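Visitor: Line by line, the protein sequences are chains A and B. Residue numbers 0 to 208, in numbering that gives the first Met the number 0, belong to the letters of the first sequence in order. Residue numbers 0 to 208, in numbering that gives the first Met the number 0, belong to the letters of the second sequence in order. From the three backbone atoms N, C-alpha and C, an ideal C-beta is built for every residue, glycine too. Note that the coordinates shown come from a computational prediction; the quantities given were computed from them, not determined experimentally.
There are 2 protein chains.
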Amino acid sequence: MPKDTFFNLPLDKRELITSVAVDEFARHSYSHASINRIVGNSGIAKGSFYQYFEDKQDLFFYILQKMAAEKITYLTPLIQNVSELDFFELLRQIHKAALKFAMEYPQYAAIGSHLLKDRESKIYRETISTNFSGGMEFYRALLEDAIKRGQVRQDIDVQMLAYFITLINNSMVEYYTEYVSDQFDETMLASIDQFINFIEHGLSASKTD
Amino acid sequence: MPKDTFFNLPLDKRELITSVAVDEFARHSYSHASINRIVGNSGIAKGSFYQYFEDKQDLFFYILQKMAAEKITYLTPLIQNVSELDFFELLRQIHKAALKFAMEYPQYAAIGSHLLKDRESKIYRETISTNFSGGMEFYRALLEDAIKRGQVRQDIDVQMLAYFITLINNSMVEYYTEYVSDQFDETMLASIDQFINFIEHGLSASKTD
DNA sequence: GCTTTATGTGACCTGGTGGTCACAATTAGA
DNA sequence: TCTAATTGTGACCACCAGGTCACATAAAGC
Numbered sequence: 000m001p002k003d004t005f006f007n008l009p010l011d012k013r014e015l016i017t018s019v020a021v022d023e024f025a026r027h028s029y030s031h032a033s034i035n036r037i038v039g040n041s042g043i044a045k046g047s048f049y050q051y052f053e054d055k056q057d058l059f060f061y062i063l064q065k066m067a068a069e070k071i072t073y074l075t076p077l078i079q080n081v082s083e084l085d086f087f088e089l090l091r092q093i094h095k096a097a098l099k100f101a102m103e104y105p106q107y108a109a110i111g112s113h114l115l116k117d118r119e120s121k122i123y124r125e126t127i128s129t130n131f132s133g134g135m136e137f138y139r140a141l142l143e144d145a146i147k148r149g150q151v152r153q154d155i156d157v158q159m160l161a162y163f164i165t166l167i168n169n170s171m172v173e174y175y176t177e178y179v180s181d182q183f184d185e186t187m188l189a190s191i192d193q194f195i196n197f198i199e200h201g202l203s204a205s206k207t208d
Numbered sequence: 000m001p002k003d004t005f006f007n008l009p010l011d012k013r014e015l016i017t018s019v020a021v022d023e024f025a026r027h028s029y030s031h032a033s034i035n036r037i038v039g040n041s042g043i044a045k046g047s048f049y050q051y052f053e054d055k056q057d058l059f060f061y062i063l064q065k066m067a068a069e070k071i072t073y074l075t076p077l078i079q080n081v082s083e084l085d086f087f088e089l090l091r092q093i094h095k096a097a098l099k100f101a102m103e104y105p106q107y108a109a110i111g112s113h114l115l116k117d118r119e120s121k122i123y124r125e126t127i128s129t130n131f132s133g134g135m136e137f138y139r140a141l142l143e144d145a146i147k148r149g150q151v152r153q154d155i156d157v158q159m160l161a162y163f164i165t166l167i168n169n170s171m172v173e174y175y176t177e178y179v180s181d182q183f184d185e186t187m188l189a190s191i192d193q194f195i196n197f198i199e200h201g202l203s204a205s206k207t208d
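#1: On the criterion of 16 or more Cβ atoms from any shown chain inside 10 Å, does N169 (chain B) qualify as buried, or is it exposed?
#2: Flag D180 (chain A) as yes if its beta-carbon sits less than 8 Å from any beta-carbon of chain B, otherwise no.
#3: Less than 8 Å between the beta carbons of L160 (chain A) and F197 (chain B), yes or no?
#4: Between R152 (chain B) and chain A, is any beta-carbon pair separated by less than 8 Å?
#5: Could you tell me how far apart the beta carbons of A204 (chain B) and Q158 (chain A) are, in whole angstroms, since I believe they sit closer than 8 Å?
#6: On the DSSP letters alone, give me the boundaries of the alpha helix (DSSP H) that T17 (chain A) sits inside.
#7: How many whole angstroms separate the CB atoms of K100 (chain B) and L74 (chain B), which I take to be in contact at a CB cut-off of 8 Å?
#8: Could you compute how far the alpha carbon of S120 (chain B) sits from the alpha carbon of F59 (chain B)?
#9: Out of curiosity, what's the CA-to-CA distance linking Q182 (chain A) and R152 (chain A)?
#10: Using CA coordinates, which residue listed in A:Y107, A:D117, A:T176 is at the minimum distance from A68 (chain A)?
#11: What's the C-alpha gap between R240 (chain B) and L115 (chain B)?
#12: How about the segment 178 to 194 of chain B and the segment 175 to 192 of chain A: do they share at least three Cβ pairs that are nearer than 8 Å?
#13: Taking the alpha-carbon of G42 (chain B) as reference, which of B:T17, B:L90, B:I191, B:D85 has the nearest alpha-carbon?
#14: Hey, could you find the ends of the alpha helix (DSSP H) D57 (chain A) is sitting in?
#15: Which residues of the segment 134 to 152 of chain B have a Cβ closer than 7 Å to any Cβ of chain A? Give them in chain order.
#16: Note down the Cα distance separating A20 (chain B) from I110 (chain B), rounded to an integer number of angstroms.
#17: Based on DSSP bridge pairs, tell me the residues matched to S203 (chain A).
#18: Please compile the residues from chain B whose C-beta is within a distance smaller than 7 Å of the C-beta of E199 (chain A).
#19: Can you grab the Cα-Cα spacing for the pair F194 (chain A) / E83 (chain A), in whole Å?
#20: If we cut at 8 Å on Cβ distances, does F163 (chain B) have a partner in chain A?
#21: Just the Cα atoms here: how many angstroms apart are K45 (chain B) and Y123 (chain B)?
#22: To the nearest angstrom, report how far apart S28 (chain A) and D22 (chain A) are at their CA atoms.
#23: Does the Cβ-Cβ distance between Y51 (chain B) and T126 (chain B) come in under 8 Å?
#24: Relative to the C-alpha of L104 (chain B), which candidate in B:G39, B:K65, B:I146 has its C-alpha closest?
#25: Kindly indicate if chain A contains any beta-carbon less than 8 Å away from that of Q158 (chain B).
#26: Can you give me the start and stop residues for the alpha helix (DSSP H) that F5 (chain A) sits inside?
#27: Determine, using beta carbons only, whether K55 (chain A) and I34 (chain A) come nearer to each other than 8 Å.
#28: Whole angstroms are fine: how far does the CA of R36 (chain B) sit from the CA of Y138 (chain B)?
#29: Roughly how many angstroms separate the alpha carbons of K147 (chain B) and I71 (chain B), rounded to a whole number?
#30: Distance check for Y61 (chain B) and N7 (chain B), CA to CA, integer angstroms please.
#31: Quick one: does L166 (chain B) have its CB under 8 Å from some CB of chain A?
#32: Is any beta-carbon of chain A found at less than 8 Å from that of S41 (chain B)?
#33: What separation, rounded to the nearest whole angstrom, lies between the Cα atoms of G134 (chain B) and E53 (chain B)?
#34: At 3 residues or longer, and completely inside the segment 150 to 191 of chain B: list those beta strand (DSSP E) runs for me, N to C.
#35: Below 8 Å on the Cβ atoms is my contact criterion, and I expect E199 (chain B) with L90 (chain A) to pass it. Report the Cβ-Cβ distance as a whole number of Å.
#36: Give the straight-line distance between the Cα atoms of F86 (chain A) and A145 (chain A), rounded to the nearest whole angstrom.
In structure tokens form, the structure reads like this:
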């Protein structure tokens, strides 16, 4: 947690520091992000920084926390009727919402992306390992439920599929920004439909609907 | 390319340095790998290192090249009858071979894994960008061919699927070593079958075979 | 044996990192 | 207004990175 000194700061200064830091962690992974650049771009002294934050990790966790909070408030209304929806329709909603968030807050998406790649670093273990496993557990529960409801075949390896769905969900953003578009538009919606359709029916030509 | 001095070295010394370097790049990404650790673990002087290699990148590329060569000689006989096989059977063969290689050469697998995550770094651009796009292009061609042959439905986004197949192919190793086993065994073969079956038919319960 | 060429070596350089600290400036309280 | 507490500051620290270089050692040619 940042020190009191930080929260006593005038709002605009606090927001400046925060946004500069977000930018830094979006451009560079945790280990490559530089406190020197952050203080430089914020126009504050190095010493001041350490009056606001305990250390680099303190700042990083603060931003992650802020990011998680904003994502939750953003996503919650977009994902409706979780229990009522068909599994594949729900999956569609989730991917749509996640992509929309990523397009609207590309810096947050970048931070998340770095974090996923930084695995096996200490930082990862102390933060996202929980969340990623959490994500996996979420899809795992979803899959098991869908199997019970007869929407998903019961002969699949739930854990493996949960892993890949989590993975792909996280990689979608990169795919879109790299190959398709960096705006949330009709094309993107169509691609999501395509993708969910693949998850549902596979690639095989033999039994297409 | 390493300097002549390196190739004039007695074989055992050359192999020692190489294996220490492979180990270092397996443990750490390119930017985090340390020349100091390499020379330390090899028992050679820093100055000697720079008589063998131009710089860090020179060593890294040398190892990548060695790795690629070994992978090719390893995989080639394992993937047979490329043009004759059914698309999904071919995919199965590829995944099987790739996994087997990764299990047999876990350090190479780790290096590759770091590299994929290091994207947008200079190193990535100058090395794997070719190979990854190459990988994508490979699957893309495979998919298009399979569509022509009527094995894969024609209403899919080839590029997107090629991207995800490449991605998943590269992530499989991590999944297995993390959640299943670090030996190539029957369980693994079964999982591969499961996975290919998913790619082929999807998750839907409605039209299972 | 002597000379020249090829190797080996580690102190040293520059430049970066995260983090500290004695001190200056400001603000708050009385 | 004088004092005490809070906040701002940048030189500085220890450490590590990749890379260099003058010099020591060894091998090769004659």
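Guide: So, to answer that:
#1: Numbered from 1 along the second sequence, position 170 holds the residue referred to as residue 169 (chain B). The residue in question, N169 (chain B), is buried, as its Cβ has 16 or more Cβ neighbours within 10 Å.
#2: Here the question's residue 180 (chain A) lines up with position 181 in the first sequence. As written in the sequence, residue 180 (chain A) is Ser, which differs from the Asp given in the question. Chain B contact via Cβ: absent.
#3: Counting from one through the first sequence, the residue named residue 160 (chain A) turns up at place 161. Counting from one through the second sequence, the residue named residue 197 (chain B) turns up at place 198. Yes, the pair counts as a contact, with Cβ atoms nearer than the cut-off.
#4: Counting from 1 along the second sequence, the entry for residue 152 (chain B) is found at position 153. R152 (chain B) counts as touching chain A.
#5: The residue you call residue 204 (chain B) lines up with position 205 of the second sequence. The residue you call residue 158 (chain A) lines up with position 159 of the first sequence. With a Cβ gap of about 18 Å, A204 (chain B) and Q158 (chain A) do not count as contacting.
#6: If you number the first sequence from 1, residue 17 (chain A) lands on position 18. Segment 10 to 26, the alpha helix (DSSP H) holding T17 (chain A).
#7: The residue you call residue 100 (chain B) lines up with position 101 of the second sequence. The residue you call residue 74 (chain B) lines up with position 75 of the second sequence. Reading off the sequence shown, one finds Phe at residue 100 (chain B), where the question assumed Lys. The pair is a contact, with the Cβ atoms about 6 Å apart (cut-off 8 Å).
#8: By one-based count along the second sequence, residue 120 (chain B) stands at place 121. By one-based count along the second sequence, residue 59 (chain B) stands at place 60. Those two C-alpha atoms are separated by around 14 Å.
#9: The sequence position of residue 182 (chain A) within the first sequence is 183, counting from 1. The sequence position of residue 152 (chain A) within the first sequence is 153, counting from 1. Spanning the two alpha carbons is a distance of roughly 35 Å.
#10: Taking the first residue of the first sequence as 1, we reach residue 68 (chain A) at position 69. Here the closest residue by C-alpha is A:Y107.
#11: Because chain B spans 0 through 208 in this model, residue 240 (chain B) falls outside it and cannot be assessed.
#12: no
#13: Within the second sequence, the letter at position 43 stands for residue 42 (chain B). Among B:T17, B:L90, B:I191, B:D85, the Cα nearest to that of G42 (chain B) is on B:T17.
#14: In the first sequence, residue 57 (chain A) corresponds to position 58, counting from 1. First-last of the alpha helix (DSSP H) with D57 (chain A): 55 to 74.
#15: G149, Q150, V151, R152
#16: Mapped onto the second sequence, residue 20 (chain B) falls at position 21. Mapped onto the second sequence, residue 110 (chain B) falls at position 111. Answer to the nearest angstrom: the Cα atoms are 11 Å apart.
#17: Along the first sequence, one-based indexing puts residue 203 (chain A) at 204. The partner list for S203 (chain A) (beta bridge, DSSP) reads B:V151.
#18: In the first sequence, the residue the question calls residue 199 (chain A) occupies position 200. Within chain B, the residues near E199 (chain A) are G201, L202, S203.
#19: Translated into positions along the first sequence, residue 194 (chain A) becomes position 195. Translated into positions along the first sequence, residue 83 (chain A) becomes position 84. Cα-Cα distance, rounded: 21 Å.
#20: The residue given as residue 163 (chain B) occupies position 164 in the second sequence. So yes, F163 (chain B) belongs to the interface.
#21: Within the second sequence, residue 45 (chain B) is the residue found at index 46, counting from 1. Within the second sequence, residue 123 (chain B) is the residue found at index 124, counting from 1. Roughly 26 Å separates the two Cα atoms.
#22: Translated into the one-based positions of the first sequence, residue 28 (chain A) becomes position 29. Translated into the one-based positions of the first sequence, residue 22 (chain A) becomes position 23. So the two alpha carbons sit approximately 11 Å from each other.
#23: Reading the second sequence from its first residue, position 52 is the one you call residue 51 (chain B). Reading the second sequence from its first residue, position 127 is the one you call residue 126 (chain B). Against a cut-off of 8 Å, the Cβ pair of T126 (chain B) and Y51 (chain B) comes out as no contact.
#24: The residue given as residue 104 (chain B) occupies position 105 in the second sequence. In the sequence on display, residue 104 (chain B) carries Tyr and not Leu. Of the candidates B:G39, B:K65, B:I146, the one whose C-alpha sits nearest the C-alpha of Y104 (chain B) is B:K65.
#25: To locate residue 158 (chain B), count along the second sequence from 1; it is residue 159. At least one chain A Cβ lies under 8 Å of Q158 (chain B).
#26: Mapped onto the first sequence, residue 5 (chain A) falls at position 6. Looking at the DSSP string, the run of the alpha helix (DSSP H) that includes F5 (chain A) is 3 to 7.
#27: Looking up residue 55 (chain A) in the first sequence gives position 56. Looking up residue 34 (chain A) in the first sequence gives position 35. The answer is yes: Cβ separation under 8 Å.
#28: Here residue 138 (chain B) corresponds to residue number 139 of the second sequence, with the count starting at 1. Here residue 36 (chain B) corresponds to residue number 37 of the second sequence, with the count starting at 1. Taking the straight line from one Cα to the other gives about 39 Å.
#29: Counted from its first residue, the second sequence places residue 147 (chain B) at position 148. Counted from its first residue, the second sequence places residue 71 (chain B) at position 72. If you take the alpha carbons of K147 (chain B) and I71 (chain B), they lie about 28 Å apart.
#30: Taking the second sequence and counting its residues from 1, one reaches residue 7 (chain B) at position 8. Taking the second sequence and counting its residues from 1, one reaches residue 61 (chain B) at position 62. Roughly 16 Å between the two C-alpha positions.
#31: Working through the second sequence from its first residue, we reach residue 166 (chain B) at position 167. Cβ-Cβ to chain A under 8 Å: yes for L166 (chain B).
#32: Position 42 of the second sequence holds residue 41 (chain B). No, its Cβ sits nowhere closer than 8 Å to a Cβ of chain A.
#33: By 1-based counting over the second sequence, the position of residue 134 (chain B) is 135. By 1-based counting over the second sequence, the position of residue 53 (chain B) is 54. For G134 (chain B) and E53 (chain B), the distance between alpha carbons rounds to 29 Å.
#34: none
#35: Numbered from its first residue, the second sequence carries residue 199 (chain B) at position 200. Numbered from its first residue, the first sequence carries residue 90 (chain A) at position 91. So it is not a contact: roughly 19 Å between Cβ atoms.
#36: Taking the first sequence and counting its residues from 1, one reaches residue 86 (chain A) at position 87. Taking the first sequence and counting its residues from 1, one reaches residue 145 (chain A) at position 146. For F86 (chain A) and A145 (chain A), the distance between alpha carbons rounds to 6 Å.
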